[in-house]
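From first to last, the protein sequence lines are chains A and B. Letter by letter, the first sequence follows residues 1 to 111 of my numbering. Letter by letter, the second sequence follows residues 1001 to 1220 of my numbering. Just so you know, even glycine gets a beta-carbon here, dropped at the ideal spot from N, CA and C.
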Amino acid sequence: MHELGMARDICRAVAEKSPGRRVASMTVEVGALAGIAADALEFCISEVAREEGLGDPEVTVKPTATRVKCSCGAEYSTEDILQPCPSCGGYQREFLSGMDIVVSAVELENA
Amino acid sequence: MTADSSAAPGKVVSKNAQIAEENRRFFRGKGLFVLNLIGSPGCGKTSLLEKTLERVAPRAAVVEGDIKTTLDADRIRRTGAQATQIETGGACHLDAAMVARAIQGLNLDAVEFLFIENVGNLVCPSSVDLGEDMKVAIISVPEGDEKPAKYPALFVRASAVVINKIDLLPYVDYSVARAAGDCRKLNPNVEVFELSSKTGAGVDAWVSFLERHALSARPR
């Protein structure tokens, strides 16, 4: 539901890193628990990028699996966090990722 | 074209998250214990607050979030607690900037508990930080026991879950064990309260939980 606001935050972060540059492509990783719909975010980033003068980048939004660290020591990725730890069968664990939005790659056009 | 890995900003900190941090610093400075109450329309968020405020009204303030009307803030004021209403006009959740504006209408000097009742919704409020100390998920028996499994993004973030309307258990197929079990799978440290705002069952345990946290929020 908040893809447009998130797209503005993402484009602002990209523009702050490379002021005045046009962007050829960017890749955004979205955690499964971030509450963001990947295709809606892709659309919103393209629109905001054009509006903010970042060019017409090729945008890829990739949903990512959740990284989990179990108290038994196991660390694993999962698509279904209701499933127990594959090593010990328990649930005493913490989620290392899943809530974040990460811009993992940006390709700039030649200045 | 230049593939420039240094051009990728990495984790994005949203504008909302920045404002939420400012709220959090302000709340800490005041020694407030701040709760963000999240649940479906009709799960009994306001009734739970009324029941809670019977015990703590003089030390509490409430921010009410709804799409329309001041009905809930009016209900809360009748308990003797301060209340202010946010009408979002359509937005499905509160954000940190709305809360920052709303609390300007409250006198927080003698307040220990700030309750923020979010717009009735199990989805969008989950991922929008308001600067609270904890999120509390409120689910009720008639909604069905599969809510934690269906809405994991809320239940991984909620430090406490209130299962409300337990007085209706004799009339509804609802497994408290399943609902509470799924909550613990999603957050092994969660505190689960089985409660009825109508009969008062479970309210003692809930209020002592609040008092413990308010005590540790106070500046020493």
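What is the C-beta distance between Lys69 of chain A and Glu94 of chain A, in whole angstroms, given that I count them as a contact (C-beta under 8 Å)?
5 Å
Please list, in chain order, the chain A residues whose beta carbon lies closer than 8 Å to that of Arg1101 of chain B.
Neighbours of Arg1101 of chain B on chain A: none; closest Cβ ~17 Å, over 8 Å.
In the DSSP assignment, find the unbroken alpha helix (DSSP H) run with Gln1018 of chain B in it and report its ends.
1015-1030
What three-state label does DSSP hand Ala1177 of chain B in the structure shown?
helix
Chain-order list of residues whose beta-carbon lies under 7 Å from that of Leu54 of chain A (same chain, five-residue window excluded)
Cys11, Val14, Ala15, Arg22, Val23
Measuring alpha carbon to alpha carbon, tell me which residue in B:Val1119, B:Gly1039, B:Ala1180, B:Lys1135 is nearest Phe1033 of chain B.
B:Lys1135
Under 8 Å by beta carbon: chain B residues contacting Gly102 of chain A:
Residue 102 of chain A is actually Val in this sequence, not Gly. Correct list: Gly1010, Lys1011, Val1012.
Rounded separation between Glu79 of chain A and Thr66 of chain A - CA only
6 Å
Proximity test, Cβ basis, 8 Å: Val30 of chain A and chain B:
no
Shortest alpha-carbon distance to Val1180 of chain B belongs to which of B:Phe1155, B:Leu1168, B:Val1172?
According to the sequence displayed, residue 1180 of chain B carries Ala and not Val. The shortest Cα separation from Ala1180 of chain B among B:Phe1155, B:Leu1168, B:Val1172 belongs to B:Phe1155.
Give a yes or no on whether 8 Å exceeds the smallest Cβ distance from Ser1175 of chain B to chain A.
no
What does DSSP give as the partner residue(s) for Phe95 of chain A in the beta ladder?
A:Val68
With Ile1116 of chain B and Val1099 of chain B assumed to form a contact (beta carbons below 8 Å), what rounded beta-carbon distance in angstroms separates them?
6 Å
Closest to Ala1073 of chain B by C-alpha separation, out of B:Leu1053, B:Cys1092, B:Gly1090, would be which residue?
B:Leu1053
Does the contact criterion of 3 or more C-beta pairs under 8 Å hold for the segment 1105-1120 of chain B versus the segment 1052-1069 of chain B?
yes
Which value, in whole angstroms, describes the spacing of the CA atoms of Val30 of chain A and Ala38 of chain A?
7 Å
I need the straight-line Cα distance from Leu1035 of chain B to Lys1051 of chain B, nearest angstrom please.
16 Å
Using the beta-carbon of each residue, which ones in chain A are nearer than 8 Å to Val1161 of chain B?
What Val1161 of chain B touches in chain A: nothing, since even the nearest Cβ is about 15 Å away.
Mind reading off the beta-carbon distance from Glu3 of chain A to Ala40 of chain A? Whole number of angstroms is fine, and I expect it under 8 Å.
4 Å
From the DSSP output, which residues share a beta bridge with Val23 of chain A?
A:Leu108
Does DSSP classify Gly1065 of chain B as helix, strand or coil?
strand
Of all the CB atoms in chain A, is at least one closer than 8 Å to the CB of Leu1094 of chain B?
no
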